[in-house]
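*Asks:*
Chains as they are written, first to last, in this note's numbering: chain C, 579 to 961; chain D, 79 to 360.
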């Protein structure tokens, strides 16, 4: 009897201690939670609020009026904010080519290094070292390399060829121009094309219903565009040309130089994780080296490609320092939302409009990051 | 005759291997071209810098010019170090504690809390910059290094927490339970079990934070006054000015790159682990 009481007493003591420890644990975590709650979510809330006002200037007690979505309206349709819209186009093209460049170079370097190379460590160190540098360092160096009268343009002269005549960051040419007013139609057509592709995949897989549904929606969108529905969507009052600024080629090259080591490291880790038996089996089945890569290795690397795309994609959506250092903040041709936000807020003191640009950037990044965080952490719990 | 030849230990020269090494060497040279440019330009006499001869090595090496440049950057290097060291240590210690709680003391709601904390490392900092600027201004920390340390500690918490959480998740729960049965409490377990095995985790986190904070620019350029500028801000100002003597920015780029490059070369494996941890899964 008394032995039993001791055990219950012991478990009781145990339980109280555990509860106290659990409380301590939460207490130890709380400073970080509170700090992040204020500095991330509280501040985002303040920025969002500021973006709905006409707040300007640095005065101690500024008069601030609530003006609803007017700042956003200005950014997307206002005549004066044409620079912001070109910035979005710049970000789009920069992101596409930066991702393509990093993934392409990354997989190429990883495959080359995966062939039992002597001195692999040295090569890996060389391809990865730019990752350790600041974007400001990279930007400064490449700014000098892109000097039209010297730098890269004079490289061919070292082997007796004539110097290049490329303007690099000073080039003002814009290609692939489109009218901003056509954007609803372009967007609708892209959605329709994606849906049509989905329908085709379902149809090939023998799933009639989903095939009909997505195909049907694609057809409706197509008819809507052809009937002039998209053209009647109000965007900007006057035709407005936007396109890909050639000056970005130099920025993309430098960014790929800096970040391709990252994709290389990820792909190399992925390649090393593929069991040799799997490749051996493919070879035994008579697959050539190329076929082994195409049908065995690449499909297994897909999750890595996705992770890399998301990490690099969110970097490119908020790119700031690299372009700031390379082309300068005042270079309208190579402007991006990150720089425009800085200029609008901290040089022109238009805090409200700067806040609106910042919120647009946040939404772009969140669209990429939130689903990724959601799925990654969920699959982790299922394990 | 031919059989004998085959048994001789002459390495076969396979054209595929030759091509492979040629490609790798060419790519390595291409990646190193900017380094060559920095080195030769940083040690040129400003008077001899000429667009037609940019690719020629300095003749002679101008130590004087480099020392002058180094002196110009010295205060900013000092600023960078006095920012990076405390910010790195504080965010690593807090991250270690958070990682311990989140991996070994799971509580209800932790699965929601953790992703919410993580989101903070992906946001564009422009979206918190105006309130942060106001906040630091209101507590009189705007313009100086301490304010910048606060910013870097707070926004460094998500990544340091993530790395430590994934690191501690590998520690067997039985070890923790056994220690708890022996009477160790929350802090006892941390001090006697978790902390002693954390060294590699700390190396990864410290390298990561050191590199990130050293290289950072947006906070540095908006939150500091001229006297407190870290090296990145000084460098961008010098390089962005009109009629620059290009040996100056190149010397500055070299000085700004040396600390992080040194860490990278000395502790490369840990650097890569931090890099891969950034894609959320440890």
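We put the CB at the ideal spot given by N, CA and C, even for glycine.
For residue 729 of chain C, return the contacting residues in chain D, with the cut-off set at a CB-CB distance below 7 Å.
*Replies:* Per Cβ cutoff of 7 Å: 132.
*Asks:* If we ignore side chains and look at the alpha-carbon of each, how far apart do residue 335 of chain D and residue 329 of chain D end up?
*Replies:* For residue 335 of chain D and residue 329 of chain D, the distance between alpha carbons rounds to 10 Å.
*Asks:* Of all the residues that make up the segment 844-855 of chain C, which are near chain D by a beta-carbon distance shorter than 7 Å?
*Replies:* Residues 844 and 847.
*Asks:* Roughly how many angstroms separate the alpha carbons of residue 343 of chain D and residue 137 of chain D, rounded to a whole number?
*Replies:* For residue 343 of chain D and residue 137 of chain D, the distance between alpha carbons rounds to 29 Å.
*Asks:* Express the C-alpha separation of residue 166 of chain D and residue 281 of chain D in angstroms, rounding to a whole number.
*Replies:* Taking the straight line joining both Cα atoms gives about 11 Å.
*Asks:* Go through the segment 201-242 of chain D residue by residue and report every complete run of the alpha helix (DSSP H) that reaches 4 residues or more, in order.
*Replies:* Taking only runs of at least 4 residues, the alpha helix (DSSP H) segments lying wholly in the segment 201-242 of chain D are 204-216.
*Asks:* According to DSSP, what are the bridge partners of residue 644 of chain C?
*Replies:* Bridge partners of residue 644 of chain C: C/631.
*Asks:* Output yes or no for whether 8 Å exceeds the beta carbon distance between residue 705 of chain C and residue 839 of chain C.
*Replies:* Cβ distance < 8 Å, so residue 705 of chain C and residue 839 of chain C count as in contact.
*Asks:* Below 8 Å on the Cβ atoms is my guess for residue 770 of chain C versus residue 799 of chain C; work out the distance and round it to an integer in Å.
*Replies:* Right, the Cβ-Cβ distance comes to about 4 Å (below 8 Å), so this counts as a contact.
*Asks:* Since residue 202 of chain D and residue 943 of chain C should fall inside the 8 Å C-beta cutoff, what is the C-beta to C-beta distance between them, to a whole number of angstroms?
*Replies:* About 6 Å; that satisfies the 8 Å criterion.
*Asks:* Residues of chain C with CB under 7 Å from residue 208 of chain D, in chain order?
*Replies:* Within 7 Å Cβ-Cβ: 625, 628, 923, 929, 932 and 933.
*Asks:* Here's a check: name, in chain order, each residue in its chain whose Cβ is nearer than 7 Å to the Cβ of residue 549 of chain C, leaving out the five neighbours to either side.
*Replies:* This structure does not reach residue 549 of chain C, given that chain C is present from 579 up to 961, and the question cannot be answered.
*Asks:* Measuring only the C-alpha atoms, how far is residue 195 of chain D from residue 859 of chain C?
*Replies:* Near 44 Å, if we compare the C-alpha coordinates of residue 859 of chain C and residue 195 of chain D.
*Asks:* With H, G and I counted as helix, E and B as strand and the rest as coil, what does DSSP make of residue 122 of chain D?
*Replies:* The answer is coil: DSSP assigns residue 122 of chain D none of H, G, I, E or B.
*Asks:* Hey, quick one: how far does the beta strand (DSSP E) through residue 812 of chain C stretch, first residue to last?
*Replies:* Here residue 812 of chain C belongs to no beta strand (DSSP E), and DSSP marks it neither H nor E.
*Asks:* So if I threshold CB-CB distances at 9 Å, which residues from the segment 164-177 of chain D count as touching chain A?
*Replies:* Absence of chain A from the displayed structure is noted, the protein chains being C and D.
*Asks:* Give the straight-line distance between the Cα atoms of residue 94 of chain D and residue 878 of chain C, rounded to the nearest whole angstrom.
*Replies:* Roughly 25 Å between the two C-alpha positions.
*Asks:* With a Cβ-Cβ cutoff of 8 Å, do residue 316 of chain D and residue 226 of chain D count as a contact?
*Replies:* Cβ atoms of residue 316 of chain D and residue 226 of chain D: not closer than 8 Å.
*Asks:* Whose C-alpha, out of D/171, D/154, D/285 and D/117, is nearest the C-alpha of residue 303 of chain D?
*Replies:* Answer by Cα proximity: D/154.
*Asks:* Can you check whether the C-beta of residue 198 of chain D is within less than 8 Å of a C-beta belonging to chain C?
*Replies:* By this cut-off, residue 198 of chain D is an interface position.
*Asks:* If you measure from the beta carbon of residue 682 of chain C to each beta carbon in chain D, is any gap under 8 Å?
*Replies:* Chain D contact via Cβ: absent.
*Asks:* Determine, using beta-carbon pairs with one atom in the segment 226-243 of chain D and one in the segment 284-294 of chain D, whether at least three such pairs fall under 8 Å.
*Replies:* Yes, since at least three Cβ pairs between the segment 226-243 of chain D and the segment 284-294 of chain D fall closer than 8 Å, the two stretches touch.
*Asks:* Does the separation of the CB atoms of residue 646 of chain C and residue 630 of chain C fall below 8 Å?
*Replies:* Contact: yes.
*Asks:* So what does residue 569 of chain C bridge to, in DSSP terms?
*Replies:* Outside the shown range of chain C (579 to 961) lies residue 569 of chain C, about which nothing can therefore be said.
*Asks:* Below 6 Å CB to CB, which residues in the same chain sit around residue 349 of chain D once its five sequence neighbours on both sides are set aside?
*Replies:* Here the set comprises 285 and 342.
*Asks:* Assuming residue 181 of chain D and residue 246 of chain D make a contact with CB atoms under 8 Å, what is their CB distance in whole Å?
*Replies:* That pair is a contact at about 4 Å.
*Asks:* Based on Cα-Cα distance, which residue from C/777, C/801 and C/802 lies nearest to residue 790 of chain C?
*Replies:* Taking only the C-alpha atoms, the option nearest residue 790 of chain C is C/777.
*Asks:* Looking at residue 643 of chain C: is its Cβ nearer than 8 Å to the Cβ of residue 659 of chain C?
*Replies:* Result no, Cβ atoms of residue 643 of chain C and residue 659 of chain C do not sit closer than 8 Å.
*Asks:* From residue 80 of chain D to residue 864 of chain C, what distance separates their C-alpha atoms?
*Replies:* Interpretation of residue 80 of chain D is limited by its pLDDT of 43, a score under 50 that renders its predicted location unreliable; the figure taken from the coordinates is listed afterwards. Near 30 Å, if we compare the C-alpha coordinates of residue 864 of chain C and residue 80 of chain D.
*Asks:* Between the Cα of residue 697 of chain C and those of D/261, D/106 and D/351, spot the shortest distance and give me the residue it belongs to.
*Replies:* It is D/106.
*Asks:* So which residues of chain C does residue 342 of chain D contact, with C-beta pairs closer than 7 Å?
*Replies:* What residue 342 of chain D touches in chain C: 707 and 710.
*Asks:* Once DSSP output is grouped into helix, strand and coil, what is the label at residue 302 of chain D?
*Replies:* Looking at residue 302 of chain D - three-state DSSP - the assignment turns out to be strand.
*Asks:* Between which two residues does the alpha helix (DSSP H) holding residue 862 of chain C run?
*Replies:* Taken as a continuous stretch (DSSP letters only), the alpha helix (DSSP H) holding residue 862 of chain C covers 854-862.
*Asks:* Give a yes or no on whether 8 Å exceeds the smallest Cβ distance from residue 703 of chain C to chain D.
*Replies:* Answer yes: the Cβ-Cβ gap between residue 703 of chain C and chain D drops below 8 Å somewhere.
*Asks:* If we count the other Cβ atoms within 10 Å of its Cβ and call it buried at 16 or more, is residue 84 of chain D buried or exposed?
*Replies:* Because the pLDDT at residue 84 of chain D is just 48, under 50, the model does not fix this residue reliably, and the value given afterwards should be weighed accordingly. The residue is exposed, with fewer than 16 neighbouring Cβ atoms inside 10 Å.
*Asks:* Measuring alpha carbon to alpha carbon, tell me which of C/661, C/734 and C/832 ends up nearest residue 742 of chain C.
*Replies:* With distances taken between Cα atoms, residue 742 of chain C lies closest to C/734.
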